[in-house]
Amino acid sequence: MKEVVLLAGTRPEAVKIAPVALALGDHPVLRPVIVHSGQHNGMVEQALRSFGLHVHVELDVPRATGGQAELLARLVAEFDRLLDKRDPAVVLVQGDTTTALAGALAAFWRGIPVAHLEAGLRTGDLAGPFPEEGTRQMIARIATLHLAPTDDAAAALIREGMADRRIVVTGNTVVDAVQRVAAADLPARDPELARLERVLDERSQRLVLVTVHRRESWGAPLARVLHAVRAIADRHPDVRVLLPVHPNPRVRAAARNLLGGHERIVVTEPLDYSDVVRALRRSALVLTDSGGIQEEAPTFGVPVLVLRDTTERVSAVDAGCAWLVGTDPIRIVAEAGWVLGARLRLPPGRNPFGDGRAASRVRGALERLVGLPSDFATAPLPVRIPC
């Protein structure tokens, strides 16, 4: 058996590696090993639970300051010890987190091939998203295999000089994930979500789902967004707002302080992924600075207002599934009013990020990377379909 280490330290990473772990679950040669970096304690396990998966190895990474430099230094050292012990055939990292950067560096220094899942997303602005844009570009320089979710992402890598033979367009595994969890139709685990669903049904009200956490929005931009969320709830009496709060203390404090006490705004702890999918499916509108929800919402035809000035997920904007509104409260309230007033709904199931078969393409690409016979070519490439 050849081990494929799948790194995750945050919930989005866990959600996006889960389909890959499932696709490799019955592989005769490649054995998936899920490693939790400890970046966000509890979040990875929570996400994997929705797929019937569990962490194989969890690293102990105590932190004193909570800074990025401290986290990166500790993670690289821990990953290096892990790789020395296990000697995997491939290390797969996802996206743009500190976990991904640390894992890629540790593997690169040991001469272990790095496969970058969701490679090639770019805004071209190192300040936004910060530090994610820089992280993605740094990982790209040392990755052996670039698993690009879209043709646009692959084109960005080629423009940066990456060898075409090392780029595979797979679609985004988050589409695989959201389709699988939606099909399971699990009941709500969180009691606050369950109560909210009952109220929505009893009063024929609509749901607005909000997720905010980006580092570049901390402080005044986040305050503006939250004031806009409160104004939306005030202006639309048939709407209830759900905000699963991010574990970062600064985000939590702002959400509780600025939204607390409103009778139609529910601020919960982070939700299980199956609960997030439940909420997303029945939402009339999503306001988010999260990349994952921009990719998930088109599956259910839910309009998305992106609370950022730029997005590396341009396919959603180009396809008419999402609109960039920044953090200006006047614009956020106006755009939300337009969507809610028009009762806008997009055609469901037409997701520009993939067709739900990305993980099988990743499996084939990994087979080729380690020198195994591959049936990758038999899996059709994703077709970009406008919303």
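Quick note: the sequence shown uses the working numbering, first residue 141, plus one each step.
A virtual CB, placed ideally from N, CA and C, is assigned to each residue, including glycine.
Source: prediction; values computed, not measured.
Asked, Found
"Extent of the continuous alpha helix (DSSP H) to which residue 367 belongs", "360-375"
"C-beta atoms of residue 287 and residue 502 nearer than 8 Å", "yes"
"Alpha-carbon spacing of residue 231 relative to residue 498, whole angstroms", "18 Å"
"Contact set for residue 414: own chain, Cβ-Cβ below 6 Å, skip 5 residues either direction", "190, 321 and 326"
"Between the CA atoms of residue 226 and residue 475 - distance to the nearest angstrom", "51 Å"
"Best match in 214, 264 and 398 for proximity to residue 297 [C-alpha to C-alpha]", "264"
"For residue 351: DSSP bridge partner residues", "428"
"Run of the beta strand (DSSP E) containing residue 446, from where it starts to where it stops", "444-446"
"Neighbour-count burial assignment, residue 519, 16 or more Cβ in a 10 Å radius", "Only weak support is given to the placement of residue 519: the predicted model assigns it a pLDDT of 44, under 50, and the question is left unresolved by the model."
"Burial state of residue 434, where buried means 16 or more other Cβ atoms lie within 10 Å", "buried"
"Alpha-carbon to alpha-carbon, residue 347 and residue 220", "45 Å"
"Whole-angstrom distance between residue 366 and residue 402, CA atom to CA atom", "12 Å"
"Cβ contact (3+ pairs, closer than 8 Å) linking the region 436-455 and the region 265-278", "yes"
"Residue 344, buried or exposed, once every other Cβ within 10 Å from all chains shown has been counted against 16", "exposed"
"Residue 492 to residue 459 span [Cα, whole Å]", "7 Å"
"Separation of residue 165 from residue 392, as counted between CA atoms", "37 Å"
"Nearest residue (CA-CA) to residue 481, options 295, 473 and 488", "473"
"DSSP state of residue 264 mapped onto helix, strand, coil", "coil"
"First through last residue of the beta strand (DSSP E) which encompasses residue 483", "Run containing residue 483: none; DSSP gives neither H nor E here."
"Cβ pair count under 8 Å reaching 3, the region 382-397 against the region 349-365", "yes"
"Segment limits, alpha helix (DSSP H) that includes residue 252", "No alpha helix (DSSP H) contains residue 252, which DSSP labels as neither H nor E."
"The region 142-160 touching the region 304-319, judged by at least three CB pairs closer than 8 Å", "yes"
"DSSP three-state assignment for residue 309, whether helix, strand or coil", "strand"
"Euclidean distance between Cα positions of residue 141 and residue 168", "7 Å"
"Between the CA atoms of residue 484 and residue 256 - distance to the nearest angstrom", "36 Å"
"Anticipated Cβ contact below 8 Å, residue 448 with residue 468, distance rounded", "So it is not a contact: roughly 11 Å between Cβ atoms."
"Reduced DSSP secondary structure (H/G/I, E/B, other) of residue 408", "strand"
"Option nearest residue 234 by Cα separation, candidates 170, 384 and 285", "285"
"C-beta neighbour in chain D for residue 317, strict 8 Å", "Protein chains in the displayed structure number just one, and chain D is not present."
"Selection from 431, 174 and 462 that minimises the alpha carbon distance to residue 192", "174"
"Strand pairing of residue 142, partner residues [DSSP]", "170"
"Where residue 201 sits in the DSSP three-state scheme", "coil"
"Simplified DSSP assignment, three categories, for residue 223", "helix"
"Neighbourhood of residue 293 by C-beta distance below 7 Å, restricted to the same chain and skipping five residues each side", "259, 260 and 261"
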